[in-house]
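Asks: For reference, the structure I am asking about is given below.
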Amino acid sequence: MARTASTAAELKEGLLAGEKRALARAISLVENDDPEGWALVREVYPQTGNAQMVGLTGPPGVGKSTLIAALTAEQRKAGRQVAVLSIDPSSPFTKGALLGDRIRLTEHFLDSGVFIRSMATRGSLGGLSEATLQAALLMDASGKDDVFLETVGIGQAEVNIIDHADTVVLVLMPGAGDSIQALKAGVMEIPDVIVINKSDHPLTDTMVREIRGVLSLGSQEGWQVPVVQTEASEGKGIKELAEQIAAHRAYIEQEGTLSERRRRNLMNEVIALAAGRMRRKLEESLAEDDSVQEMLDEVVARRLDPASAATRLLERELD
Ligand SMILES: Nc1nc2c(ncn2[C@@H]2O[C@H](COP(=O)(O)OP(=O)(O)OP(=O)(O)O)[C@@H](O)[C@H]2O)c(=O)[nH]1
Ligand SMILES: [Mg+2]
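Under our numbering, the first residue of the sequence shown is numbered 299, with each subsequent residue one higher.
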């Protein structure tokens, strides 16, 4: 027991001191749903809230990882500590298969000021699992100045990242007409910054015009979403992107929307955690409790409707 306690204390100390290994170990604990991991997050939580959380989302292959690598280099030049959390698409068929493949940050692996981690979303549709939020908090607690969250966004999927980022960057590439349609239709939330990467492509200008057209339909007050052209693989436009991210950050800080946004994010986080636990509990009772099975039989036999069954199930759990 005593040994465990001292190890936990050491881990916390290492984490708060910004040690790479302590951070890696702490994230593994939460990833494995180890109670020690949750306890650690509980303890270091008061030390979080200092990192700038930037979410990059967008369709597969648009260059999110390449952009993050370039942004990381930019932030390192300014002496900032960086963490990158790349979230793998949740496909039950490719569980973890894409791991590593998605990260284009090899140049930063040996830098002690950069921490890189890839996580697979365990089947929770569309994004950041519980463990991912905890991992981001741990990165924050370990003193990172910038945390870049990467997630593949296809329609609804980016809603999750918006819950955890102070600034959301949507990355697109020329010719991605679908994304413009999604933005127009409101399927995709309007981000804080839009990047058109691979701007060496001849269709770039058309794309920028179309995006500006969609944005002009939105509010002309408050933060005006900048459209930045980059060529991530060549390091072009990265400085401007970093500046726009910083400008957005300054804007929300000055307007007081940062704290509002974080309040909303944390509320969402609490609800997501509670909902996740509730779901697990319900599934357990479904598997273990005969009376629940019998109730389900009633639904199958069309004697009880699904909504009434759900009400009964909830009443039992909340008692
Ligand atoms: N021509 C060109 N290619 C680029 C540019 N930026 C990235 N690429 C290439 O595009 C491919 C995909 O880049 P990634 O950074 O892996 O894209 P991603 O959005 O992270 O991809 P996923 O994580 O798989 O969704 C790679 O082969 C990059 O080298 C660019 O500005 N111009
Ligand atoms: Mg990637």
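Glycine residues also receive a C-beta, built at the ideal position from the N, C-alpha and C atoms. A quick note: this is a predicted structure, and the numbers were derived from the prediction, not measured.
#1: Report whether the distance from the Cβ of D568 to the nearest heavy atom of ligand 1 is below 6 Å.
#2: Could you tell me the distance, in whole angstroms, from the CA atom of S440 to the CA atom of E615?
#3: In chain order, what residues of the same chain have a beta carbon less than 7 Å from the beta carbon of I478, not counting five sequence neighbours either side?
#4: Could you check which residue in E308, P344 and G361 has the C-alpha nearest to that of K534?
#5: Kindly confirm or deny that the stretch 361 to 370 and the stretch 330 to 343 touch, where touching means at least three C-beta pairs closer than 8 Å.
#6: Considering only heavy atoms of ligand 1, does any lie closer than 6 Å to the CB of E529?
#7: Assuming the contact rule is C-beta atoms closer than 8 Å, A540 and L369 should be a hit. Round their C-beta distance to whole Å, please.
#8: Taking I385 as the reference, give the member of P358, A324, T449 and R340 with the closest Cα.
#9: Quick one: does the C-beta of S363 sit closer than 6 Å to a heavy atom of ligand 1?
#10: For V382, verify whether its CB is less than 6 Å away from any heavy atom of ligand 1.
#11: Decide if S569 is buried, meaning its Cβ has at least 16 other Cβ atoms within 10 Å, or exposed.
#12: Regarding P472 and ligand 1, is the C-beta to nearest heavy atom distance less than 6 Å?
#13: Pop quiz: A320 and G312 are said to be a contact at Cβ under 8 Å. What is the actual Cβ separation, rounded to whole angstroms?
#14: Do L435 and V339 come within 7 Å of each other at the CB atom, strictly closer than that value?
#15: With respect to 6 Å, is the separation between the Cβ of V328 and the closest non-hydrogen atom of ligand 1 below this value?
#16: Keeping to the same chain, check which residues put their C-beta closer than 8 Å to that of R547; ignore five residues upstream and five downstream.
#17: With a threshold of 8 Å, are at least 3 pairs of Cβ atoms found where one atom belongs to the stretch 579 to 589 and the other to the stretch 493 to 508?
#18: Any heavy atom of ligand 1 closer than 6 Å to the CB of G359?
#19: Over what stretch of residues does the beta strand (DSSP E) that includes T355 continue unbroken?
#20: Is K537 near ligand 1, going by C-beta to nearest heavy atom under 6 Å?
#21: Going by C-alpha to C-alpha distance, which of V412, W336 and A324 sits closest to I366?
#22: Identify whether V598 lies in helix, strand or coil by the three-state DSSP scheme.
#23: Quick check: what's the CA-CA separation for R601 versus G574?
#24: Taking only three categories from DSSP, how would you classify S326?
#25: DSSP three-state call for L447: helix, strand or coil?
#26: Let me make sure I understand the geometry here. Which of I325, I494 and W521 has the alpha-carbon closest to that of Q552?
#27: Can you tell which of A608, E341 and P357 has its C-alpha closest to the C-alpha of A474?
#28: Can V597 and A607 be called in contact, C-beta distance under 7 Å?
#29: Give the C-beta separation of I492 and P472 to the nearest angstrom, bearing in mind that I take them to be a contact with Cβ-Cβ under 8 Å.
#30: Would DSSP call A315 helix, strand or coil?
#31: Quick one: is M437 buried, meaning 16 or more other Cβ sit within 10 Å of its Cβ, or exposed?
#32: Do Q379 and D443 have their CB atoms nearer than 7 Å?
Replies: Short version:
#1: It should be noted that the sequence gives Val, not Asp, for residue 568. False, no ligand heavy atom lies under 6 Å from that Cβ.
#2: Taking the straight line joining both Cα atoms gives about 38 Å.
#3: Short of 7 Å from the beta carbon of I478, and not among the five residues preceding or following it, lie these beta carbons of its own chain, in chain order: E508, I509 and V512.
#4: Closest option to K534, Cα to Cα, is G361.
#5: Contact between the stretch 361 to 370 and the stretch 330 to 343 is not established, with fewer than three Cβ pairs separated by less than 8 Å.
#6: Yes, ligand 1 has a heavy atom inside 6 Å of this Cβ.
#7: Taking a contact as a CB-CB distance under 8 Å, the pair A540 and L369 counts as one, their CB atoms being some 6 Å apart.
#8: Minimum Cα distance to I385 is reached at T449.
#9: At a cut-off of 6 Å, the beta-carbon of S363 counts as near ligand 1: some heavy atom of the ligand is closer than that.
#10: Because no heavy atom of ligand 1 lies under 6 Å away, the Cβ of V382 does not count as near it: no.
#11: Contrary to the premise, residue 569 reads as Ile rather than Ser in this sequence. Per the 10 Å Cβ criterion, exposed.
#12: When distances are taken from the beta-carbon of P472 to the heavy atoms of ligand 1, even the shortest one reaches 6 Å or more.
#13: The Cβ separation is near 3 Å, so the contact holds.
#14: Cβ distance < 7 Å, so V339 and L435 count as in contact.
#15: Closer than 6 Å to some heavy atom of ligand 1: that does not describe the Cβ of V328.
#16: If you ignore the 5 residues before and after R547, its C-beta comes within less than 8 Å of the C-beta of Q350, D464, T465 and L556, all in its own chain and listed in chain order.
#17: No, because fewer than three Cβ pairs between the stretch 579 to 589 and the stretch 493 to 508 fall closer than 8 Å, the two stretches do not touch.
#18: Yes - ligand 1 has a heavy atom lying nearer than 6 Å to the Cβ of G359.
#19: Unbroken beta strand (DSSP E) run through T355: Q350 to G356.
#20: Not under cutoff, so the answer is no.
#21: For I366, the closest alpha carbon among the candidates V412, W336 and A324 is that of V412.
#22: V598: helix per DSSP, three-state reduction.
#23: Straight-line Cα distance between these residues: approximately 29 Å.
#24: Of the three classes helix, strand and coil, the one that applies to S326 here is helix, per DSSP.
#25: Of the three classes helix, strand and coil, the one that applies to L447 here is strand, per DSSP.
#26: For Q552, the nearest C-alpha among the options comes from W521.
#27: With distances taken between CA atoms, A474 lies nearest to P357 out of A608, E341 and P357.
#28: For V597 and A607, yes; Cβs fall inside 7 Å.
#29: Beta-carbon to beta-carbon, I492 and P472 are separated by about 13 Å, too far to satisfy the 8 Å threshold.
#30: DSSP, read as helix, strand or coil, puts A315 in coil.
#31: Around the Cβ of M437, a 10 Å sphere holds 16 or more other Cβ atoms; the residue is buried.
#32: Contact: yes.
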